[in-house]
Amino acid sequence: MVLFALVTAGGGLPISSIGPIPLAHLVLALMCVVGLTRRPQRALGNLQLLAPLFVIALFYIGMVSLFADPTEFAAEWETRLLRISAVLVMALMFGSGRLDARSATFGAFLVTVINVPLFYAGLVQDNYGGYLTGLIGDKNVAGLTYAIVGLLMLGVVRTKVGVAAVIAFSVPTMWLTGSRTSIAAFIAGIVWILLAPRLPVAGKWVLGAVTAFIVNLLAEDYSQVGVFSDRDGSDELRARIDAASEIKVGESGFFGQGLGEAYVVLKDRTWFFHNSYWSALVEGGWPWLVFAVAVTVLVMIRPFAGRVPRDQYVVQAAGVALLICSTRLGEVFFTSVWGLVLGVAVYRLSTPLGGEAESAGTRPPSRSTSSAEGAS
Numbered sequence: 285m286v287l288f289a290l291v292t293a294g295g296g297l298p299i300s301s302i303g304p305i306p307l308a309h310l311v312l313a314l315m316c317v318v319g320l321t322r323r324p325q326r327a328l329g330n331l332q333l334l335a336p337l338f339v340i341a342l343f344y345i346g347m348v349s350l351f352a353d354p355t356e357f358a359a360e361w362e363t364r365l366l367r368i369s370a371v372l373v374m375a376l377m378f379g380s381g382r383l384d385a386r387s388a389t390f391g392a393f394l395v396t397v398i399n400v401p402l403f404y405a406g407l408v409q410d411n412y413g414g415y416l417t418g419l420i421g422d423k424n425v426a427g428l429t430y431a432i433v434g435l436l437m438l439g440v441v442r443t444k445v446g447v448a449a450v451i452a453f454s455v456p457t458m459w460l461t462g463s464r465t466s467i468a469a470f471i472a473g474i475v476w477i478l479l480a481p482r483l484p485v486a487g488k489w490v491l492g493a494v495t496a497f498i499v500n501l502l503a504e505d506y507s508q509v510g511v512f513s514d515r516d517g518s519d520e521l522r523a524r525i526d527a528a529s530e531i532k533v534g535e536s537g538f539f540g541q542g543l544g545e546a547y548v549v550l551k552d553r554t555w556f557f558h559n560s561y562w563s564a565l566v567e568g569g570w571p572w573l574v575f576a577v578a579v580t581v582l583v584m585i586r587p588f589a590g591r592v593p594r595d596q597y598v599v600q601a602a603g604v605a606l607l608i609c610s611t612r613l614g615e616v617f618f619t620s621v622w623g624l625v626l627g628v629a630v631y632r633l634s635t636p637l638g639g640e641a642e643s644a645g646t647r648p649p650s651r652s653t654s655s656a657e658g659a660s
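Take 285 as the starting number for the sequence shown in this note's numbering and just add one per residue.
If you want it as C-alpha cells, here you go:
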C-alpha cells in the first residue's frame with residue numbers, strides 16, 4: 285500500500301527525485317524487486333504468454349529507439365524504456381499475487397483522499413491555477429488517477445454504502461481537477477458496470493460503440509458549456525498542440541521515431557502530446573500502438589467474454605475509462621495507473637495456487653448467477 289501510494293504521489297512530494305531519477309521510478313523498481321523475492325500465489329494459465337509478449341514488445345521498442353535519430357528536445361529513451369519495463373513487470377507481479385493489488389488500489393485511493401485537504405490548505409503545490417493537483421503534480425495525471433482509481437475502488441469496497449461513498453467522492457474531485465475527459469470516462473465506467481452484466485457479447489460491442497459515439501459528441505459539441513465556457517484560451521492552446529502533434533504523427537512512419545519523441549515545440553516551449561494513441565504511434569509506430577491497445581482491450585475489457593464474476597466488470601469499466609482518457613489526458617498507456625488495472629485484470633483471470641484465498645485485486649466474486657455477475 286505504502287509503495288504504490290508513493291508512486292501515486294511521487295510527482296508532488298517535496299522530494300520528487302533522488303539525483304536525476306524521479307522518486308516514482310525508484311519506487312516502481314523497488315516494487316518489482318520486492319515482488320521478485322516472493323512466491324507467486326496465482327496460476328496464470330494462458331496469461332503466462334504475456335511475459336514473453338512483453339519481452340518481445342520491449343525489445344522491439346528498444347531497437348526502434350536505439351537506431352532512431354533523436355531530436356533536440358526528446359526525453360532520454362533509456363529512462364522511458366526502464367520505466368515502461370518496470371510497469372509491465374509490476375503488472376505481472378500484481379497478477380501473480382506476488383504484490384497485493386487490492387492494497388495498492390487502496391493506497392492510491394488514500395492519496396487521492398488526503399490530497400484534497402492538503403491542496404486546499406495550501407500545503408502542497410498548485411501549478412495549474414487552482415485545479416486540484418497537489419500530491420499528484422500534473423493536472424492530466426490527476427484527472428486520470430481520480431477516475432481510474434475511483435473505478436477500481438468500486439471492486440474493493442464491500443457494501444452499497446461504500447460504493448455510494450466512493451462515487452460521491454470521485455465525481456466532485458474529478459470536477460475539481462478540471463478534467464472533462466476524466467468525468468466522461470468515469471461516467472462511462474459506471475454505465476458499463478450497470479449495463480454490461482445484462483448484455484450478451486454483441487450487446488457489449490454495441491454499448492462500447494454507443495459510448496465512443498457519445499463521448500466524441502460531448503467532446504466536439506458540448507466541451508465549452510456551463511463552468512467550462514471560459515476555457516477558450518486553454519482549449520485554443522490544446523488545439524494548437526494537437527495540430528502540431530498530428531503533423532508529427534504523419535511524419536513518423538510505420539515504425540515511429542523512438543521513445544521520448546512524443547512532443548512538439550510551440551513558441552520555444554516543448555509540449556507533450558495530449559493523445560496517448562498518437563504518442564504510441566510517434567514513439568513506436570503501428571506495432572507499438574497495436575500492442576498497447578490490444579493488451580488494454582483483450583486483457584482488461586475482454587470483449588469476447590460472456591458472463592463472468594461481477595468484480596471483473598469493474599476491471600472492464602476501468603479499461604473502458606482508460607481508452608477514453610487516452611484521447612485527451614496525455615500519456616495513459618504504460619503509466620503506473622494503467623499497469624495497476626492490468627495487474628488487477630490478470631489477477632482476476634488467474635486461479636489460486638494451493639487453495640489460496642482471494643486476497644488481492646478486488647473483493648471475492650459473488651456466487652450468484654444473476655445480473656450482478658460480470659466480466660473483466
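Backbone N, C-alpha and C define an ideal beta-carbon position, used for all residues, glycine too.
Note down, in chain order, each residue of its chain lying with its Cβ closer than 8 Å to the Cβ of residue i, except the 5 sequence neighbours on either side.
i      : result
Phe357 : Tyr547, Val549 and Thr554
Leu402 : Val408, Gly418 and Leu419
Val286 : Gly391
Val485 : Pro587, Phe588, Ala589 and Gly590
Please say whether residue j and residue i have beta carbons closer to each other than 9 Å?
i      : j      : result
Ser634 : Gly379 : yes
Pro593 : Arg632 : yes
Gly623 : Leu419 : no
Leu334 : Leu328 : yes
Leu436 : Val628 : yes
Ala313 : Leu350 : no
Ala469 : Val499 : yes
His558 : Asp526 : yes
Gly537 : Trp572 : no
Asp562 : Lys532 : The displayed chain sequence assigns Trp, not Asp, to residue 562. Going by C-beta atoms, Trp562 is nearer than 9 Å to Lys532.
Leu331 : Val630 : yes
Pull up the distance between the alpha-carbon of residue i and that of residue j, whole angstroms please.
i      : j      : result
Leu416 : Gln409 : 9 Å
Phe393 : Ala564 : 28 Å
Ala449 : Pro354 : 48 Å
Pro456 : Ile608 : 19 Å
Ala293 : Pro324 : 27 Å
Thr611 : Ser560 : 6 Å
Gly421 : Trp489 : 36 Å
Phe617 : Leu478 : 25 Å
Ile471 : Ile451 : 10 Å
Met584 : Arg591 : 15 Å
Phe575 : Glu520 : 32 Å
Ala405 : Ser301 : 24 Å
Ala289 : Met315 : 11 Å
Pro636 : Ala359 : 41 Å
Ala426 : Leu438 : 18 Å
Leu428 : Glu615 : 10 Å
Thr580 : Trp361 : 23 Å
Asp552 : Ala528 : 13 Å
Arg442 : Ile432 : 18 Å
Met347 : Val339 : 12 Å
Can you tell me where the alpha helix (DSSP H) holding residue i begins and where it ends?
i      : result
Thr619 : Neither: Thr619 is in no alpha helix (DSSP H) and is coded neither H nor E.
Thr611 : Taken as a continuous stretch (DSSP letters only), Thr611 belongs to no alpha helix (DSSP H), as it is neither H nor E.
Phe338 : Leu334 to Phe351
Arg442 : Run containing Arg442: none; DSSP gives neither H nor E here.
Phe588 : No alpha helix (DSSP H) holds Phe588; DSSP gives it neither H nor E.
Arg464 : Arg464 to Leu479
Arg367 : Trp361 to Gly379
Phe271 : Examination of residue 271 is not possible in this model, given that the chain is present from 285 through 660 alone.
Met315 : Leu307 to Leu320
Glu567 : Ser560 to Val579
Ala260 : A question about residue 260 goes unanswered here, because the residues of the chain that appear run from 285 up to 660.
Leu287 : Val286 to Ala293
Following the continuous beta strand (DSSP E) through residue i, name the residue where it begins and the one where it ends.
i      : result
Leu550 : Tyr547 to Leu550
Thr389 : Thr389 -> not in any beta strand (DSSP E); alpha helix (DSSP H) instead, spanning Ala385 to Tyr404.
So residue i and residue j are in contact, right, with Cβ under 8 Å, and what is the actual spacing, rounded?
i      : j      : result
Leu543 : Arg326 : That belief does not hold up - the Cβ atoms of Leu543 and Arg326 are roughly 31 Å apart, past 8 Å.
Val613 : Ser463 : First, the residue type needs correcting, since residue 613 is Leu and not Val in the sequence shown. Indeed, because the Cβ distance is near 7 Å, the residues count as touching under 8 Å.
Ala375 : Leu626 : 4 Å
Ala480 : Leu491 : 6 Å
Gly487 : Val604 : Between Val604 and Gly487 the Cβ distance is about 14 Å, and since that is not below 8 Å, they are no contact.
Glu530 : Glu545 : Not confirmed; about 14 Å, so no contact.
Trp476 : Ala601 : 4 Å
Can you find the residues in the same chain that come closer than 7 Å, C-beta to C-beta, to residue i, ignoring five residues on each side of it along the sequence?
i      : result
Gly303 : none
Tyr430 : Thr396, Ser454, Thr457, Met458, Thr461 and Ser466
Val291 : Ala308, Val311, Leu312 and Ser620
Thr321 : none
Arg522 : His558
Might you give, ordered along the chain, the residues of its own chain that have their beta carbon closer than 6 Å to the beta carbon of residue i, omitting 5 neighbours on each side?
i      : result
Tyr412 : Lys423
Leu383 : Gly319 and Met377
Ile368 : Phe618
Asn399 : Gly418 and Leu419
Thr495 : Ala472
Ala370 : Leu312, Ala313 and Cys316
Glu535 : none
For the ligand PLP, is there any heavy atom lying closer than 8 Å to the beta carbon of residue i?
i      : result
Leu438 : With respect to the ligand PLP, the structure shown offers nothing to examine, as it has no ligands at all.
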